[in-house]
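Residue numbers (my numbering), protein chains in the order written: chain F, 510 to 805; chain D, 3 to 270; chain R, 8 to 304.
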């Protein structure tokens, strides 16, 4: 039971990183990213490709960061001429294209089978100890990202992102370069997403295309909307809550003796219902964004 | 020799077959306050949009001092010191008035500045400015929730935050409560005294006479007059543009005081 | 060559109905409704269910389309119009959530298995030397009929004029006495019906499972965006372009180019062709092939 709780907590922390990342893009910069999981995938495949070519995790980490920067810059470039809903569709399409490549270029990515056998990053005297260290590292990374993003969004940079989110034309009329802001926001937000993917890959010891389905993006979206767009604390709470609910699904299935397709259906209901319910009934989320907290 | 702050040559803009700006030339002296007048649909707002890069022109040149800025994006033009306000300023819903004012000043807006701690320090200046704008009471409310006049005031203050060379204003007092108009006039006079050149689209003649040394008048995309505000009422083409041909003939033929007067608020 | 044209037309017919539904809905309710592709999944499932109880196929399809049309109107009223007040992106996320709930419902009720409509006659017809099945003919006929009826409705009736007027300028239309709410309901109803019909056309030709809708999503969005979102007739052209690209990519033998006798693009990449067209279109012609960008200040 302890091991299971540790697993849930680790996954929740990894998703917390993804939620903070999406929140900086959508909650602050107003960038409706439906391809968030592609940023995560840069991290996982960075690790996997390095491992497959006999390089160590450091190379994998760097490769992931390079890949994620390229994808983030391309996303930002697309945002130049698009409204937020169109941009959402474009990012979704890019996510699907990257998924198609990952599934079909078997020589590079292992295809649908993926790449397995990645080493654990931390080996304590027992497997459990290794996992404990990994969880601590993930937690520290989550805290650091939270602190960094809090600092960024409390600064002039954060104010300019929010101005772009709300009134892009007004922001441009004051001299803010929206392309530049978009680029910075995407690049900064992409890093924790890729780090999350990198840690996930080594924790699961397996990387495959089925980890990159667009449903995973919407899981992160649910976390962010439940927690509260524009609230760092909120989205981390959202990530923890959602993961706890997901963890309960298999127990519920056993308890009610339901067939296995109910597990998938229950997950979908949790994501879809959570998203829809909050959007309709409490669009500001559990912990709403604080307006006017910056007093200069 | 007067130094030219902003000059535009042969500006041309058409929306489809409809020509909105027809070879407009305009020079604006540094430190002056120029009124831009004309009936509705004469191309004033389009001229402002073209000058500040918010609409791409079809042909022509714009120079800020001695730099050509015609092809630059709007934000770059603003960074070089040519700013503008909007006729109906839209303000953020999820930012307070104070936050908008803070965001307006662009210094230290990068990621680096945020990280090394040169972020926002408590500044008495913002409080002072809010006080002067009579916005202290609403400083912590969402910027979208204040009145239209207050939004105009806030948007002018925001545009002035980075010390522009030139500020173009699109109807700064239209629809503004009389109590706030004085505040806007004071703010603009103060800015001008500090060296900011002003180009103001306005319908209120009292405001124009009070503030502007010079007026340019557009009609159907053409520049038809360029004179001090006092001479506008005698200018045949201006009268024609506002009141029709018959009135213009009477102005042109009568040697003494014209029988028609341009009303205080001309809006045709 | 004839085979190529037949394949092209069949694929275009599939995409076009749903793309037209998406675009028509967008013309009045301004957000990209992702749940449209789920309407295209629910339609054939319902038709399948109804047809199994012994009701003739045509009647079953009609009933299913009617039901989905009503469902679309109800969802628009209860969910999307409320969400749209917070912006089109929020409404789009909401439609995504609705789509997930539909998938969950289908998983529980119908299950993940693949089904087939059973038609007694599966004879092949010879059309100028290429083989066409009966179901393909039925599907194509359904698409064509739907398009002709839609065009007649839009361009030859009063309600069609009201719809176009409302799409162009809702406030003005309201001021001239058009009941904009009624027009919206009619259009949303029609878009639900069209999507259901499109899904049924696909299901009778190949197979029916819960992935039908999700698989359609990007080709349909690509077609609708190419045609200019909000322009239903443009969506048909968009669908032709997408199908042309897909069919061409599948038919060309790239072997001689690289010195092999046979080299075809893998099937999975052909699906990605439409995603790629979508991204390229968004990069260079974000508001469709037929519209030049108008910058408003």
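Every residue gets a Cβ at the ideal spot worked out from N, C-alpha and C, and that includes glycine.
As the structure is a prediction and not an experimental result, all values here were calculated from the model.
Closer than 9 angstroms between beta carbons: that is the criterion. Which residues of the region 762-781 of chain F meet it against chain D? Listed by position along the chain: nothing, the set is empty.
Of all the alpha helix (DSSP H) runs that stay within the bounds of the region 240-271 of chain R, which reach a length of 4 or more residues? none
If you draw a straight line from the C-alpha of residue 582 of chain F to the C-alpha of residue 699 of chain F, how long is it? Here residue 582 of chain F is taken as the residue at index 73 of the first chain, counted from 1. Here residue 699 of chain F is taken as the residue at index 190 of the first chain, counted from 1. About 10 angstroms.
Between which two residues does the beta strand (DSSP E) harbouring residue 11 of chain D extend? Here residue 11 of chain D refers to the residue found at position 9 when the second chain is read from its first residue. Per DSSP, residue 11 of chain D belongs to the beta strand (DSSP E) from 6-17.
Taking the C-alpha atoms as reference points, what is the distance between residue 547 of chain F and residue 695 of chain F? Position 38 of the first chain, counted from the first residue, corresponds to residue 547 of chain F. Position 186 of the first chain, counted from the first residue, corresponds to residue 695 of chain F. Those two C-alpha atoms are separated by around 13 angstroms.
Contact under 8 angstroms by Cβ, residue 525 of chain F with residue 707 of chain F: As a working note, residue 525 of chain F is residue 16 in the first chain. As a working note, residue 707 of chain F is residue 198 in the first chain. Going by C-beta atoms, residue 525 of chain F is not nearer than 8 angstroms to residue 707 of chain F.
What three-state label does DSSP hand residue 803 of chain F in the structure shown? As a first step, residue 803 of chain F is located in the first chain; it is residue number 294 there, counting from the start. Residue 803 of chain F: coil per DSSP, three-state reduction.
At 8 angstroms on the CB atoms, spell out the chain F contacts of residue 276 of chain R, in chain order. On the third chain, position 269 is the one that residue 276 of chain R refers to. The contacting residues are 609 and 613.
Do you know whose CA, among D:104, D:133, D:61 and D:142, lies nearest residue 98 of chain D's CA? Taking the second chain and counting its residues from 1, one reaches residue 98 of chain D at position 96. With distances taken between Cα atoms, residue 98 of chain D lies closest to D:142.
Helix or strand or just coil, what does DSSP make of residue 228 of chain D? As a working mapping, residue 228 of chain D is identified with position 226 in the second chain. Here DSSP, grouped into helix, strand and coil, assigns residue 228 of chain D to strand.
In chain order, what residues of the same chain have a beta carbon less than 6 angstroms from the beta carbon of residue 109 of chain R, not counting five sequence neighbours either side? In the third chain, residue 109 of chain R corresponds to position 102, counting from 1. 45.
Check each candidate in F:739, F:787, F:677 and F:760 and name the one with the smallest Cα separation from residue 775 of chain F. Residue 775 of chain F sits at position 266 when you count from the first residue of the first chain. The option with the nearest alpha carbon to residue 775 of chain F is F:760.
How many angstroms separate the CA atom of residue 681 of chain F from the CA atom of residue 268 of chain R? In the first chain, the residue the question calls residue 681 of chain F occupies position 172. In the third chain, the residue the question calls residue 268 of chain R occupies position 261. The alpha-carbon atoms of residue 681 of chain F and residue 268 of chain R are separated by roughly 56 angstroms.
Give the DSSP-derived three-state secondary structure of residue 44 of chain D in the structure shown. On the second chain, position 42 is the one that residue 44 of chain D refers to. If DSSP states are grouped into helix, strand and coil, residue 44 of chain D belongs with coil.
Short of 8 angstroms in beta carbon distance, which residues of its chain neighbour residue 190 of chain R, apart from the five on each side in sequence? Order them along the chain. On the third chain, position 183 is the one that residue 190 of chain R refers to. Once the five neighbours on either side are set aside, the close Cβ partners of residue 190 of chain R are 35, 166, 169, 170, 173 and 180.
Determine, using beta-carbon pairs with one atom in the region 198-210 of chain R and one in the region 143-154 of chain R, whether at least three such pairs fall under 8 angstroms. yes
Evaluate the contact criterion for the region 559-568 of chain F versus the region 673-691 of chain F: three or more CB pairs, one atom per stretch, below 8 angstroms. By the Cβ criterion, the region 559-568 of chain F is not in contact with the region 673-691 of chain F, since fewer than three pairs of Cβ atoms, one from each stretch, lie closer than 8 angstroms.
Contact list for residue 685 of chain F against chain R, beta-carbon separation under 7 angstroms: Here residue 685 of chain F is taken as the residue at index 176 of the first chain, counted from 1. Ordered by position in chain R, no residue passes the 7 angstroms Cβ test against residue 685 of chain F, which lies about 16 angstroms from the chain.
What first and last residue would you give for the beta strand (DSSP E) that runs through residue 194 of chain D? Walking along the second chain from the start, residue 194 of chain D turns up at place 192. Run containing residue 194 of chain D: none in the beta strand (DSSP E); it sits in the alpha helix (DSSP H), 180-195.
Within chain D, the residues that residue 589 of chain F reaches when beta carbons sit closer than 9 angstroms: Walking along the first chain from the start, residue 589 of chain F turns up at place 80. Within 9 angstroms Cβ-Cβ: nothing; residue 589 of chain F doesn't reach chain D, min ~10 angstroms.
Taking the beta carbon of residue 653 of chain F as the centre, do at least 16 other beta carbons fall within 10 Å, making it buried, or is it exposed? In the first chain, the residue the question calls residue 653 of chain F occupies position 144. With fewer than 16 other Cβ atoms within 10 Å, it is exposed.
Distance, residue 604 of chain F Cα to residue 590 of chain F Cα: Along the first chain, read from residue 1 onward, the residue named residue 590 of chain F stands at position 81. Along the first chain, read from residue 1 onward, the residue named residue 604 of chain F stands at position 95. C-alpha separation (whole angstroms): 19 angstroms.
Within the region 119-176 of chain R, note down every full alpha helix (DSSP H) run reaching 4 residues or more, in order along the chain. 141-163 and 165-175
For the region 70-83 of chain D against the region 628-642 of chain F, are there 3 or more C-beta pairs whose distance is under 8 angstroms? Contact between the region 70-83 of chain D and the region 628-642 of chain F is absent, because fewer than three Cβ pairs lie under 8 angstroms.
Start-end ranges of the beta strand (DSSP E) lying completely within the region 690-727 of chain F, minimum 3 residues: none
For a contact defined as C-beta to C-beta under 7 angstroms, what are the partners of residue 112 of chain D on chain F? Taking the first residue of the second chain as position 1, residue 112 of chain D is located at position 110. In chain order, 666 make up the part of chain F whose C-beta sits under 7 angstroms from the C-beta of residue 112 of chain D.
When D:11, D:158, D:107 and D:22 are compared against residue 222 of chain D, the one with the closest alpha-carbon: Along the second chain, one-based indexing puts residue 222 of chain D at 220. Nearest option by C-alpha distance: D:22.
Identify, in the order they occur along the chain, each residue of the same chain with its Cβ nearer than 7 angstroms to the Cβ of residue 253 of chain R, setting aside the five sequence neighbours on each side. Stepping through the third chain from its first residue, residue 253 of chain R is reached at position 246. 18, 277, 280 and 281.
Output needed for residue 120 of chain R: all residues of its chain with C-beta closer than 8 angstroms, excluding positions within five of it in sequence on either side, in chain order. In the third chain, counting from the first residue as 1, residue 120 of chain R sits at position 113. Same-chain partners within the cutoff: 216.
Nearest-angstrom Cα distance between residue 801 of chain F and residue 610 of chain F? Mapped onto the first chain, residue 801 of chain F falls at position 292. Mapped onto the first chain, residue 610 of chain F falls at position 101. Whole-angstrom Cα-Cα distance: 45 angstroms.
On a Cα-Cα basis, can you pick out the residue from R:265, R:247 and R:178 that is closest to residue 13 of chain R? For this step, residue 13 of chain R is matched to residue 6 along the third chain. Closest by alpha carbon: R:247.
Of the listed residues F:678, F:739 and F:541, nearest to residue 92 of chain D (C-alpha basis): Here residue 92 of chain D is taken as the residue at index 90 of the second chain, counted from 1. Taking only the C-alpha atoms, the option nearest residue 92 of chain D is F:678.
Reference residue 289 of chain R; option with closest CA among F:534, F:593 and F:773: Reading the third chain from its first residue, position 282 is the one you call residue 289 of chain R. Measuring from the Cα of residue 289 of chain R, the nearest candidate turns out to be F:593.
Taking just the CA atoms, how far does residue 145 of chain R sit from residue 158 of chain R? Indexing the third chain from 1 puts residue 158 of chain R at position 151. Indexing the third chain from 1 puts residue 145 of chain R at position 138. When rounded, the distance between both Cα atoms is 20 angstroms.
7 angstroms Cβ shell around residue 301 of chain R - same chain, five flanking residues per side excluded: Taking the first residue of the third chain as position 1, residue 301 of chain R is located at position 294. Bear in mind that the predicted position of residue 301 of chain R carries a pLDDT of just 43, short of 50, making it unreliable; the figure below should be weighed with that in mind. Cβ neighbours of residue 301 of chain R beyond the five flanking positions: none.
In the DSSP assignment, find the unbroken beta strand (DSSP E) run with residue 216 of chain D in it and report its ends. Translated into positions along the second chain, residue 216 of chain D becomes position 214. For residue 216 of chain D, the enclosing beta strand (DSSP E) stretches over residues 216-221.
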